[in-house]
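Every number in this note's numbering is 1 more than the matching position in the sequence shown, counting from 1.
Even glycine gets a Cβ: it sits at the ideal position worked out from N, Cα and C.
Here the structure comes first, spelled out in structure tokens, and everything after it is commentary.
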Amino acid sequence: MQAIRIALIGDVMLGRLVNRVLRETSPAYPWGDVLPVLLAADARIANLECVLADTGEPWPGKRFVFRSDRKNVVVLETAQLTAASLANNHVLDFGDRALSEMLEALDRAGIARAGAGHDLAEARRPARFAVGGLSCALIAVTDNEPEWEARPGLPGIFYVPCDPADPRFHDLGELVRETAQRVDAVIVSYHWGPNWGERPLPEHVRAGRTLLEAGARIVYGHSAHITRGVEFYQGGAILYSCGDFVDDYAIDEVERNDESFVFVVMLDGNAVREIQLVPTVIVDFQARRSDPLRAARQCERMRRLCAELGTRAEFANGGLRLLP
């Protein structure tokens with residue numbers, strides 16, 4: 002079987018100023034000149050860090066709430082998004098009604114989704130899709146916003162503390178194990194931990210490895226707002242943080258939350274063969290290919306962080322090639 006290419010990107014936040022720009026520009030605008038990179042992959046997955054809805058009221062007392070017009074589902078369609086991870090700390094920013102509206106919009110657009118739903122069963126249900134003859138499943142969880150945890154008969158997110166000793170984490174492992182028996186490749190999206198910090202937390206390392214041992218091939222992390230290193234483990238890979246891909250956030254000049262990558266994972270059978278990193282930067286509310294000087298700096302930082310995790314990195318085609 003020929004290797005397939007799955008493009009993973011970090012947080013996609015289409016609310017606030019991005020939403021305002023989208024009322025005057027094309028649906029392709031947020032993707033900038035990175036769109037051809039995304040379309041060249043066989044599948045594309047993003048963490049949707051907002052709700053797409055025209056209804057709802059801001060969550061009481063929440064400082065940062067992100068909503069984009071429902072019509073902006075066409076932005077995701079323009080990138081031919083295969084699946085969206087919805088388990089995060091913004092999907093319920095405008096309440097249950099807005100969440101329900103977005104779920105319907107994604108379903109109508111044919112975009113697979115995981116991590117949030119009308120009840121716990123729906124929130125924990127893996128999103129299934131086929132890529133080049135390979136059957137895949139996306140399971141999406143978060144350890145943010147415990148009050149949003151979906152329950153039987155109640156909408157919310159698939160909330161799982163990042164603690165292998167927690168019964169909910171054990172349940173996640175069982176779900177991964179069961180799903181891995183039905184598909185060729187399981188991807189676990191984990192919106193985990195607090196913001197900032199370029200190295201993975203010890204609990205993330207333990208959790209990521211445990212999920213690969215349970216049968217996942219890719220653990221796809223985000224939440225930190227910046228990119229972290231990648232670790233290969235038992236034929237799979239842990240992307241500890243994919244950073245921010247599109248948003249309107251203030252830029253931290255030290256952490257550089259405006260800089261990220263397209264992480265193109267090469268799956269050969271059900272093993273991760275290599276990962277190609279294409280450097281990107283957010284400019285004027287859109288993702289753009291980094292210029293050569295910036296790209297070199299981004300790649301050197303990532304090479305260093307990956308080396309700490311035992312991952313080989315080679316500079317190639319203006320980006321990085323990661324190898325076990």
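Given S69, which residues of its chain have a CB within under 6 Å of its CB, disregarding the five upstream and five downstream residues?
Position 68 of the sequence shown, counted from the start, is the residue given in the question as residue 69. Result list for S69: L15, G16, N20, C51, L53, in chain order.
The stretch 215–234 touching the stretch 285–298, judged by at least three CB pairs closer than 8 Å
Remark: fewer than three beta-carbon pairs, one from each stretch, lie closer than 8 Å, so the stretch 215–234 and the stretch 285–298 are not flagged as touching.
Closest residue to D253 among E199, G33, G133 (Cα-Cα distance):
Position 252 of the sequence shown, counted from the start, is the residue given in the question as residue 253. With distances taken between Cα atoms, D253 lies closest to E199.
The beta strand (DSSP E) that contains N48, what's its start and end?
Taking the first residue of the sequence shown as 1, we reach residue 48 at position 47. Here the beta strand (DSSP E) through N48 covers 44–49.
Pull up the distance between the alpha-carbon of R126 and that of L294, whole angstroms please.
Translated into positions along the sequence shown, residue 126 becomes position 125. Translated into positions along the sequence shown, residue 294 becomes position 293. Those two C-alpha atoms are separated by around 43 Å.
Do G237 and V273 come within 7 Å of each other at the CB atom, strictly closer than that value?
Within the sequence shown, the letter at position 272 stands for residue 273. Within the sequence shown, the letter at position 236 stands for residue 237. Contact flag set, yes.
Same chain, Cβ closer than 8 Å to R218, neighbours up to 5 away in sequence not counted:
Locating residue 218 in the sequence shown gives position 217, where the first residue counts as 1. Around R218: A186, V187, I188, G236, G237, A238, L268, N271, A272, V273.
Looking at the structure shown, is M14 part of a helix, part of a strand, or coil, going by DSSP?
Position 13 of the sequence shown, counted from the first residue, corresponds to residue 14. Note: M14 maps to coil in three-state DSSP.
Ends of the alpha helix (DSSP H) at E105?
For the purposes of this step, residue 105 is identified with residue 104 of the sequence shown, where counting begins at 1. Taken as a continuous stretch (DSSP letters only), the alpha helix (DSSP H) holding E105 covers 96–110.
Three or more beta-carbon pairs under 8 Å between the stretch 80–93 and the stretch 135–150, yes or no?
yes
Hey, L323 and I276: beta-carbon distance below 7 Å or not?
The residue given as residue 323 occupies position 322 in the sequence shown. The residue given as residue 276 occupies position 275 in the sequence shown. Contact flag set, yes.
Relative to the C-alpha of K72, which residue among R109, N318, L212 is closest?
To locate residue 72, count along the sequence shown from 1; it is residue 71. Ranking the options by Cα distance to K72, first place goes to R109.
Figure out for me which residue from G96, G194, L100, D43 has the closest Cα to the Cα of S136.
Numbered from 1 along the sequence shown, position 135 holds the residue referred to as residue 136. If we check each option's Cα against that of S136, D43 comes out closest.
Taking 7 Å as the threshold (C-beta atoms), are L278 and L212 in contact?
If you number the sequence shown from 1, residue 212 lands on position 211. If you number the sequence shown from 1, residue 278 lands on position 277. No, these two residues do not count as a Cβ contact at 7 Å.
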